[in-house]
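In UniProt numbering, the protein residues as written are 1 to 97.
The following block contains the structure:
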């Protein structure tokens, strides 16, 4: 797995690898608004995870997930504070570790 210095560099690289959709984190699933698609933990895999830490504050932390669904949809999920900051289900928490 290649590493990059910034979130934007990593996103650009992964988009070139086919991770073209944007996912949003919800309590028990992730969703892609462009496709009107909801994916529950059993419906997707985390292919890569990249952590970025802010220089000035731990509040600047973010995690980038490269996700592929069981039906072939590939996209990115950016979590601004990491999986522990969100009010999400235990199944989602385990999937995104």
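In this text, a Cβ means the ideal position worked out from N, Cα and C, and glycines have one as well.
query, result
"Residue 96 - DSSP class collapsed to helix/strand/coil", "coil"
"Where the alpha helix (DSSP H) through residue 7 begins and ends", "7-16"
"Spatially closest choice to residue 63 from 73, 17, 79, by CA coordinates", "79"
"Meets three-Cβ-pair contact criterion under 8 Å: the segment 31-38 and the segment 16-23", "yes"
"Whole-Å CB distance - residue 47 paired with residue 30, under 8 Å assumed", "Not a contact, Cβ separation roughly 14 Å."
"Inter-residue CB distance, residue 69 and residue 27 (contact presumed, cutoff 8 Å)", "Going by Cβ atoms, the distance from residue 69 to residue 27 rounds to 19 Å, so no, they are not a contact pair."
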